[in-house]
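Each residue of the sequence shown is one higher than the one before, starting from 125 at the first, in this note's numbering.
The structure under discussion appears below in the form of structure tokens.
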Amino acid sequence: MPLLTQQIQDEHDQYSLVASLDNVRNLSTILKAIHFRKCAVCFATKNGIKVTMENAKCVQANAFIQAGIFQDTLGGQDRWIT
């Protein structure tokens, strides 16, 4: 394995999920629509990512980002919840 490839892989090992998009505008728009707190719960499965925001247990917003919008995902099946 070339040194650069190994270094990139080592950097990604600290993350549970690494994904790439050609255009992040759609993802940004979805997340802005539910943004009303600084903290969110993210749940990643092989079908996509569910983002939930809650305020004082009386208001809850959910967004589901399908896995198909991502061009690349790194982490393998062992890092996705099935």
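A virtual CB, placed ideally from N, CA and C, is assigned to each residue, including glycine.
Asked                                                                                      : Found
Pair within 8 Å by beta-carbon distance, residue 179 and residue 167                       : no
From 183, 195, 187 and 196, residue whose alpha carbon lies closest to that of residue 156 : 187
Where the alpha helix (DSSP H) through residue 152 begins and ends                         : 149-157
Separation of residue 171 from residue 190, as counted between CA atoms                    : 6 Å
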